[in-house]
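Taking it in order: structure first as structure tokens, then the write-up.
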Amino acid sequence: MVKFFMPKLTNRQWATALVIAFADFCSAVCISLQAPFYPAEAERKGATASQYGFVFGCYELTVFLTSPLFGKYLAKLIPKFMLNGGLVVTGVCSILFGILDKIEDTTAFIGLSFAVRVIEALGSAAFLTAAFAIIAAEFPSSIATTFACLETFFGLGLIVGPTLGGFLFQVGGYMLPFTILGVLLIAAALFTYAILPAAEHCDVPQSGGLFRILRIPSILLASFSVFSASTSVGFLSATLEPHLRQFDLMPVSMGLMFVIEGGIYAITAPVWGYLCDRKVQPKIVTLIGSIFIVVGFLLIGPAPFLPLDTTLNLAVTGLVIMGFGVGAELVSGFISALQEATFHGFPNNLSTYGLVSGLWTSTFALGAFVGPSLAGILFDQVGFRYSTLFVITTNALLGILVVFFLCCQKRLSPGILAVPEQYQAANYSTLPGDDHAPQEERNNATRANRDRIVSSLKDGITNPEWVTSEQSI
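Each residue of the sequence shown is one higher than the one before, starting from 1 at the first, in UniProt numbering.
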């Protein structure tokens, strides 16, 4: 299956994919490791749910606030240095988090937990931003496929994390899981330093690039796709267990309920990436994903306006369907934002990759913060079934916006799909290595590339090959 989806890679590309996959897995385990036992440890020290809940939430909030800054200055900081530094910081903070159980004072315990978690989030934001940008730079002809395949390892880490954390906590207590993970992350940094190739081209960041990219409506749409998916996942992380408590499931069975959505995402992400790279427009994949998530949440509750009772089989079916949708929205959101950035005149270089990867990481973190925060409030006020209307409405709105964008694209000109004036003036750069060619040669390549895009756009949705990486990036 992997051979079918992955294109033929060079030794350099294999080395890059290998180290980022390993680091992705360790980073995801770091995010989810403490979920089974940290709340109980915090309560034992006298902390309330709102206090230790903010310790979890501050992680995503920090990633949201800092990822765009890391993305903006990626080229200046050097991607390999940022990736290695992020892994080391995350690993050291994980080890420090493991010794916090020695502190008995509630205020000191929560305060230091918060401080360590914020610094750990800074390392994670640096690592993830650099990793996504390196993927875009090293795999220019198959960005979505490669991104999706590597996201599979991130999804596996989210699945393995709680199980591994619970097992290690049972075997060796509070310190053991954090110590082992910290050592693994530092080892991943050393492994990355030794094997990961250095970037061949370092581009100077553009002034005002972040604000320019946020003024592009189609990129805001791609960001909303990522936000909708991460909000959906975060929503269930806070409310699925109390919703399923009525079935008196064993702890292992309850844990498997959380594995379903992540497992489906990990399995299907490469498929969505392959489709975005070779078969269909990313916006079409986003639309399909929004439909899947809406249908999934209609069944998980089920929605209050459906004449159905809550059953375990119905909830499992909804989780499976939702898993397909999460993969579609996350993968298509990244590749769509990258394509739209270069389509609107951003150079096809490491600086742009950093901006887009920082925006993706930040938007995902925002959804992961908003999802569980609102879910807890809504669950307390109106219950699970009515609270699912928030996720259903969000993803339905996403689907409507995608349809609107597609209709506008098709109606740009009667009969033939014309190119808007701002697209015609865009600077469609070639691959990073070509930026150093003579000016006349680069101009000729730019005109030829633009002509290919214009020609493909005239075919519209009936010829979805226009979105392949060679044409649009």
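Quick reminder that beta carbons are idealized off the backbone N, C-alpha and C, glycines included.
Can you list, in chain order, the residues of its chain with a C-beta nearer than 6 Å to that of G91? Leave out the 5 residues immediately preceding and following it. G182, L185 and I186
Within 10 angstroms of the Cβ of S253, are there 16 or more other Cβ atoms? Answer buried if so, exposed if not. exposed
Are there 16 or more other CB atoms within 10 angstroms of the CB of V233, so buried, or fewer, so exposed? buried
Whole-angstrom C-beta distance between G323 and Y265, which should lie under 8 Å: 5 Å
Check for me: the alpha helix (DSSP H) holding E43 runs from which residue to which? Y38 to R44
Nearest CA to the CA of W14: which residue from G327, I195, L378 and L83? I195
Can you find the residues in the same chain that come closer than 8 Å, C-beta to C-beta, to V19, ignoring five residues on each side of it along the sequence? A188, F191, T192, I195 and L196
Tell whether a beta-carbon distance below 8 Å holds between I213 and L359. yes
Reduced DSSP secondary structure (H/G/I, E/B, other) of N11: helix
Where do the ends of the alpha helix (DSSP H) carrying R117 lie? T106 to E138
Classify N349 as helix, strand or coil using the three-state DSSP reduction. coil
Would you check if there are 3 or more beta carbon pairs closer than 8 Å linking the segment 111–121 to the segment 80–87? no
Helix, strand or coil: how does DSSP classify S27 here? helix
Own chain residues within Cβ distance below 7 Å of residue 499, not counting five before or after: Since the first and last residues shown for the chain are 1 and 473, residue 499 lies out of range.
Taking the straight line between their C-alpha atoms, what separation do you get for I119 and Q170? 27 Å
How about G296 and G273: are their beta carbons less than 8 Å apart? no
Under the three-state reduction of DSSP, which class applies to A47: helix, strand or coil? coil
Under the three-state reduction of DSSP, which class applies to M175: helix, strand or coil? helix
How about C408 and V331: do their beta carbons lie closer than 8 Å? no
Please work out which residues of its chain come closer than 6 Å, Cβ to Cβ, to G123, disregarding the five sequence neighbours upstream and downstream, and give them in chain order. G86, V89 and T90
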